[in-house]
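Here is the structure we will look at, set down as structure tokens.
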């Protein structure tokens, strides 16, 4: 099927600079990163909800973080991102700096299972793309910090296979509504933390 999508266009000098860094990171990545369409989805979600605080588990080289920061550049928000590998952590820091977005990011080097205990809410958007068996624990720690109406986005919902405990948690709890997108590729789960209904 013919695709109708086109490459994103920069509206300002700052946006054009970030898009140029994104293109370079994508072309020269040494590690796996999200597909471009998933990165663009993150940007659209973050910007559309006016995110002020986004949290990412699994920084890698900063590719997905750059897409989130592209939105936060508009909303005046901040990204807190966690990475356990020092080399990837340093590469992401360099990429954020080249994009002119380092001042809007807090990069945490360490095991997110431990480091998340220090995090405070509210959080508008969470993106999880780390150890797949860790997703249930990340959800357990982060969901209480996500504001009502906020989003929890999880990568690799199609490939590699997700942890069934995570799928169970986000599809059977009435506090959430979850939709699975881009399942022809790695797959993305988008979970809305519902606003509590009035009594």
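Residue numbers (the numbering used here): 251 to 449.
The beta carbon of each residue, even a glycine, is placed where N, CA and C say it ideally should be.
Residue pairing of residue 426 in beta bridges, as defined by DSSP: 443. Pairing residue 355 with residue 325 gives a Cβ-Cβ distance that is not under 8 Å. In the three-state reduction of the DSSP assignment, residue 311 falls in the coil class. Contact between residue 361 and residue 385 does not hold, since the beta-carbon distance rounds to 15 Å and is not under 8 Å. Residues 314, 317 of the same chain have their beta carbon placed closer than 6 Å to that of residue 289, with the five preceding and five following residues left out of the count. Between residue 349 and residue 268, the CB-CB gap stays under 8 Å. When 270, 285, 257, 398 are compared, the shortest CA-CA separation from residue 434 is found for 285. Annotation: the stretch 383 to 430 contains the following complete segments of the alpha helix (DSSP H) (minimum length 4 residues), in chain order: 385 to 392, 414 to 422. With a 10 Å radius around the Cβ and a threshold of 16 neighbouring Cβ atoms, residue 437 comes out buried. Its Cα nearest to that of residue 352, the residue 327 stands out among 301, 327, 410.
Taking residue 329 as reference, the option from 340, 335, 307, 444 with the minimal CA-CA separation is 307.
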